[in-house]
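Structure, as structure tokens:
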Amino acid sequence: MEYNFREIEKKWQKRWVEEKTYQVTEDDSKQKFYVLNMFPYPSGAGLHVGHPLGYIASDIYARYKRLQGFNVLNPMGYDAYGLPAEQYAIQTGQHPAITTVNNINRYREQLDKIGFSFDWNREIRTCDPEYYHWTQWAFQKMFNSYYCNDEQEARPIEELEKAFAIYGNEGLNAACSEDISFTAEEWNAKSEKEKQEILMNYRIAYLGETMVNWCAELGTVLANDEVVDGVSERGGFPVIQKKMRQWCLRVSAYAQRLLDGLDTIEWTDSLKETQRNWIGRSEGAEVQFKVKDSDLEFTIFTTRADTMFGVTFMVLAPESELVAQLTTPEQKAEVDAYLDRTKKRTERERIADRSVTGVFSGSYAINPFTGEAVPVWISDYVLAGYGTGAIMAVPAHDSRDYAFAKHFGLEIRPLVEGCDVSEESFDAKEGIVCNSPRLDVTPYCDLSLNGLTIKEAIETTKKYVKEHNLGRVKVNYRLRDAIFSRQRYWGEPFPVYYKDGMPYMIDEASLPLELPEVAKFLPTETGEPPLGHATKWAWDTVNKCVVENEKIDHVTVFPLELNTMPGFAGSSAYYLRYMDPHNHQALVDPKIDQYWKNVDLYVGGTEHATGHLIYSRFWNKFLYDMGVSVMEEPFQKLVNQGMIQGRSNFVYRIKDTNTFVSLNLKDQYEVTPIHVDVNIVSNDILDLEAFKAWRPEYKTAEFILEDGKYVCGWAVEKMSKSMFNVVNPDMIVEKYGADTLRMYEMFLGPVEQSKPWDTNGIDGVHRFIRKFWSLFYSRTDEYLVTDEPATKEELKSLHKLIKKVTGDIEQFSYNTSISAFMICVNELFNLKCSKKEILEQLVITLVPFAPHVCEELWDVLGHETSVCDAQWPAYNEEYLKEDTINYTISFNGKARFNMEFAADEASDAIQAAVLADERSQKWIDGKTPKKIIVVPKKIVNVVI
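The opening residue of the sequence shown carries number 106 in our numbering; numbering runs sequentially from there.
Quick look at the structure:
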């Protein structure tokens, strides 16, 4: 029977659906294993060959664990909200829901062709009200919670309300936006609105004034990763920094738990370090600085209060409220111009850019350790969200402060004996302190650090600051609260209405609050988000339903929130919903959550290290506090797949002609390289007729060939439509089959590394599968399999493979597994092996990689159940033992020839046989050997 991959793959894909092969339910008799991919955003372009890389890698592992007897959950769904569908709606008028469904259908068609073991019965779409019901529910829980620093967990906001009525907020240790103080009497005297404003200071989901990336053309706030070089990634529109009242999530409250949790999970060290740096824990002190000739004072955070004697200027973040307070009239115009320029840069760009910019505010601050008046500057290298948005600058011992001081001619005062700061700052982590205070000035305070080590000076200063009420010792985190509002249409609606300008939650029983219809997907003429176009978007608190806006009376009917939630909202707890996707009563049933617990293997790209992977960990920890999630960490093991890059092809057009010259002849002419569609190139040889038909301007093209062929140039670049190097997996599946695609993507290199797509090697993988097939069927379609017992050589070849592949799968070294399959099949082919005893085990070992052909051959071998339910073979070390050992025979350390000996041959017998061999006589030359050294299983050295 011929290997007809098209028929075989369609047959098994159909049967898997009919027999529900991949549907899974909880089974207490089996150990669970939960495999999850970061679900895709369904773009209009569909999948290219780079997209399935991680899916194939995780699918191999899921199939392998199932064969080991685990109950494997391997779901898939769609991160269906996104700006592209909304932009398409703005351009065409087509509703984003229609675009999204069309794109999802295209994705599903492509995914099905590749043969994944996804349980599609559990499919979720973040734009489905049945799904975002639970996103809205979680948001309401966060709104109705605060974070208790003493208990280190989220608690009901009602606890605060009761405590405030009795004690005020005295002794309260809760995460908050700003430190405030009030008594019980003051609380009880406040109006409902005033109380709500105070509670907003503590809520985990809260409305707050925050700096955002505002894109006027798109009419929305953008995340940092959606902005590149001051413009929107999509559309290239200008983006500025703007302060807006936005929904935020108090992620910062969980900073320490997010850090601690990294020690309990199996992620790469590099990814953990990225998250640690993003969270940015630092211990230091908050210190008060008074403004000269003013009653104003402000707080700075420093990790090195011991360096305060070296402060020669202060720097404010451009967004700091202090800027307006400290800018003098003489400096206002210059400061305003500077602020206008910095609005165009995101925080991420400011962190990455080392260029020096700044402006003097006109004010001075008094250094509390020296009494000196130091100038207060404004610069975008200071960020408003870290610490207090104001820093003390110690240029002698900080590289950015040093560059700033050098640029603006400010004093640089060293604080470590013997350090040289003439060319660069000195990293003051070790050494003996000096100039603290300077010996040539009258001390301003009774603190002297001179002569102390750096370590001693740090502790002495912290103690002094605390005892003299100059500030407080504090742990700070770089991690910012997450901005949770977007001024878009296509996103989850907030289950929020507004009464007297304050937000209130709609009843939990009324969820989900569904996205309304709008006439336009653009912001309104008055600048409101697109939901401002909705005519039926008000909340009736009596009838608990959405009603027409004209019924708003601010008594029982109130306006609903016009913003929608950001992209990460729907992806933050989706792993829990996969466990129980059809539950209408809860996000997940406690018993089901108790069974699946968390994700055992999570596969996705490193680009999510500081976005999704932070937010989902925070979201899950909150649900853990609520008793919803049984595990505090959502993803136990994480594997980051690399990127498949494009391998572009080029043709070379002779200048001012329509003639194209082949690669190795191009240097003889003046040419322009032009990207050409890789799908009309095979092994770098251009299909000339296809090229002429590709675009109208090439219809009359002429060619200068080499050896009758047109050879294209090539380069590795990002896979993109503009470079015509996008390879559609459908084309590969049609030409070679899904099993070939699956194996070839893994054969390209280690899963976690980026590598170029190169179809030049795919034929070899396809030939391997055909050779594997030929162990079962001859060229004349004769069935070859017999029940004869296997030989030692055949068992050795098989068990060597099983051992290798078992180890490789555990390490995700799939590329070396495929090499091992090729070696084994070659060995069995040369041995003319067709023994059922061998081939059955070989099929089971290969099925995670090539499921279609293995299902077919498993069926052919007479099995009535799917090979997915077979048992993963165990290798036997006995079969791997060598019967004979090849020894190198050396004389005085120089190798001369080789001899075969039994693996268990005694040393004496080996020595005797070497001396008796006639080839030895030439090198002994009649002399008596001084000694013979036998290195077991390696070498024999005769010393003469």
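Yeah, the Cβ is synthetic: ideal placement off N, Cα and C, and Gly gets one too. Computed from a predicted model, the values in this text were never measured in an experiment.
- Buried is the label assigned to Lys940, since at least 16 other Cβ atoms lie within 10 Å of its Cβ.
- Just so you know, the alpha carbons of Leu363 and Val356 end up roughly 9 Å apart.
- DSSP, read as helix, strand or coil, puts Ile928 in helix.
- Cα atoms of Leu376 and Gly596: separation of roughly 29 Å, rounded to the nearest angstrom.
- Relative to Ala1011, the option among Ile1038, Asn997 and Leu985 whose CA is nearest is Ile1038.
- The C-beta of Leu985 has fewer than 16 other C-beta atoms within 10 Å across all chains shown, which makes the residue exposed.
- Looking at the DSSP output, Met828 bridges to nothing.
- In this structure, the alpha-carbon of Pro834 lies about 24 Å from that of Lys797.
- Around the C-beta of Pro343, fewer than 16 other C-beta atoms lie within 10 Å, and the residue is accordingly described as exposed.
- When rounded, the separation of the alpha-carbon atoms in Met731 and Ser527 is 57 Å.
- By the C-beta density criterion, Pro500 is buried, having at least 16 other C-beta atoms within 10 angstroms.
- Counted as a single uninterrupted DSSP element, the beta strand (DSSP E) harbouring Met419 occupies residues Phe418 to Leu421.
- Closest by C-alpha distance to Leu323, out of Arg593, Val821, Trp121 and Leu692, is Arg593.
- In the three-state DSSP reduction, Asp445 falls in the helix class (H, G or I).
- Here Val396 is buried. Its C-beta has 16 or more other C-beta atoms within 10 Å.
- Following the DSSP letters along the chain, one finds Phe138 inside the beta strand (DSSP E) bounded by residues Lys137 to Asn142.
- Between the region 927 to 938 and the region 864 to 878 there are three or more inter-stretch CB-CB distances shorter than 8 Å, so the stretches are counted as touching.
- The region 501 to 543 contains, as complete alpha helix (DSSP H) runs of 4+ residues, the segments 504 to 513 (chain order).
- Boundaries of the beta strand (DSSP E) harbouring Leu743: Leu743 to Asn745, taken from the DSSP string.
- A straight line joining the alpha-carbon of Asp612 with that of Lys649 spans about 7 Å.
- Annotated three-state conformation of Tyr683 is helix, per DSSP.
- Secondary structure at Asn935: helix, using DSSP grouped into helix, strand and coil.
- The region 571 to 585 makes contact with the region 384 to 393; the number of CB pairs closer than 8 Å reaches 3 or more.
- Pairwise C-beta distances place the region 410 to 428 in contact with the region 503 to 517, as three or more of them are shorter than 8 Å.
- DSSP places Pro343 within a strand segment (E or B) once states are collapsed to three.
- Counting only the Cα atoms, Leu880 lies some 17 Å from Pro956.
- The alpha carbon of Leu552 has as its nearest neighbour, out of Glu561, Thr566, Gln858 and Phe287, the alpha carbon of Thr566.
- Comparing alpha-carbon positions, the option among Val461, Arg518 and Phe403 lying closest to Tyr469 turns out to be Phe403.
- The distance from the Cβ of Ala489 to that of Met316 is about 6 Å, consistent with a contact at the 8 Å cut-off.
- In this chain, the alpha helix (DSSP H) harbouring Lys571 covers Ile559 to Glu572.
- Each residue's CA atom was taken as its position, placing Asp184 and Met413 some 50 Å apart.
- Contact between Tyr252 and Ala280 holds: their C-beta atoms lie close to 4 Å from each other, under 8 Å.
- Going by DSSP, Asp645 is part of the beta strand (DSSP E) stretching over Ala643 to Asp645.
- Bridge pairing for Glu314: Arg350 [DSSP].
- Residue pairing by DSSP places Ile907 opposite no residue, since no beta bridge is assigned to it.
- In this structure Val831 is in contact with Gly751, their Cβ atoms being roughly 7 Å apart against a cut-off of 8 Å.
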